[in-house]
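Protein chains in written order, with the numbering used here: chain X, 163 to 395; chain C, 397 to 490. Structure record follows, encoded as structure tokens.
The following block contains the structure:
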């Protein structure tokens with residue numbers, strides 16, 4: 163009967179029903195036993211995710227990957243270009259010089275980032291302890307800080323090393339005359355990829371962001387060529 | 397000794413872990429059937445929350461441990477219900 167009445171009202175007044183009452187959802191409660199079975203111990207990935215939620219490790223790690231990967235590529239590219247201009251044909255020499263630089267960057271990355279991050283985390287923790295009026299070192303928040311410093315340090319060290327190794331790779335695998343050119347191509351490709359990576363984070367034009375990073379490689383190339391040209395005079 | 401069925405705590409905690417995570421961790425404890433966390437004051441770095449726990453056997457020590465593990469401190473126990481049945485506070489004229 164109420165339906166008929168509603169229809170009549172619609173006809174009479176000439177307007178549509180303003181809203182439709184949806185069917186009420188029946189929430190079936192899970193038995194307590196079933197809920198209890200879902201409880202489980204945390205895996206290391208879950209622990210990482212938890213620490214990440216507390217301290218936002220991902221965003222800092224991303225920044226360091228871009229920054230230090232860029233450093234690694236440019237430093238090794240600089241060495242390769244200057245070797246090219248100087249006409250170095252000794253593969254062992256190039257590899258050992260580049261590898262030395264890559265290792266140095268890795269160590270400096272791990273060390274520097276660990277010290278800087280640990281100091282920053284300690285400062286944050288102390289500020290929070292001041293607001294909470296309790297010690298937090300032994301809580302999840304304190305542990306998350308230590309973990310973050312370690313993870314970020316490792317990423318900071320690995321990024322320039324891996325990037326550098328990619329640029330050196332052609333010298334290990336190919337004859338020297340081709341290796342130089344392949345190495346340049348790889349370095350520029352890495353710069354472009356890093357640009358795309360940053361573009362993806364900022365959700366901007368990927369190609370444009372890639373070109374911006376690529377431009378740094380071109381600048382290095384021009385400077386080293388000019389230096390090399392003036393050095394030969 | 398009779399079991400604690402409902403517990404209301406006044407807790408000071410950092411913003412993270414969030415109340416969602418904290419409530420899930422508390423609800424995952426043996427003997428607790430449901431948790432409610434209400435924020436009633438927010439500061440720059442910390443927040444004051446009211447935690448209500450209900451269950452068949454609420455373990456106060458375990459609850460306190462979880463809260464401390466997540467950086468919080470229990471300021472006070474504001475309400476407690478024990479026994480076979482949860483008794484609501486009786487209304488009086490005063």
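Where a beta carbon is used, it is the ideal one built from N, C-alpha and C, also for glycine.
Quick one: any contact between the segment 259 to 274 of chain X and the segment 308 to 324 of chain X, if contact means 3 or more CB pairs under 8 Å? yes
Run the CB neighbour count on residue 249 of chain X, radius 10 Å, all protein chains shown included, and call it buried at 16 or more, exposed below. exposed
Can you give me the C-alpha to C-alpha distance between residue 425 of chain C and residue 407 of chain C, rounded to a whole angstrom? 18 Å
Residues near residue 247 of chain X by beta carbon distance below 6 Å, same chain, minus five either side: 390
Per DSSP, cross-strand counterpart(s) of residue 433 of chain C: C:447
Cβ of residue 296 of chain X within 8 Å of any chain C Cβ: yes
Beta-carbon of residue 464 of chain C versus every beta-carbon of chain X: anything under 8 Å? yes
Do residue 431 of chain C and residue 422 of chain C have their CB atoms nearer than 8 Å? yes
Residue 239 of chain X and residue 344 of chain X: beta carbons closer than 8 Å? no
Strictly under 8 Å for the Cβ-Cβ distance: is residue 303 of chain X near chain C by that measure? yes
Just checking my contact of residue 256 of chain X with residue 350 of chain X at CB under 8 Å: how many whole Å lie between their CB atoms? The pair is not a contact, with the Cβ atoms about 18 Å apart (cut-off 8 Å).
At the 8 Å Cβ level, is residue 399 of chain C part of the contact set with chain X, yes or no? no
Where residue 216 of chain X falls: helix, strand or coil (DSSP): helix
Could you check whether residue 311 of chain X and residue 279 of chain X sit closer than 8 Å to each other, using their CB atoms as the reference points? yes
Taking 8 Å as the CB-CB cut-off, is residue 283 of chain X touching chain C? no
Meets three-Cβ-pair contact criterion under 8 Å: the segment 289 to 302 of chain X and the segment 462 to 477 of chain C: yes
Please identify, using Cβ separations under 9 Å, the residues of the segment 421 to 444 of chain C that lie next to chain X, in order along the chain. 423, 424, 425, 426, 429, 439, 440, 441 and 442
Could you work out which residue in C:398, C:410 and C:460 is closest to residue 215 of chain X when comparing CA atoms only? C:410
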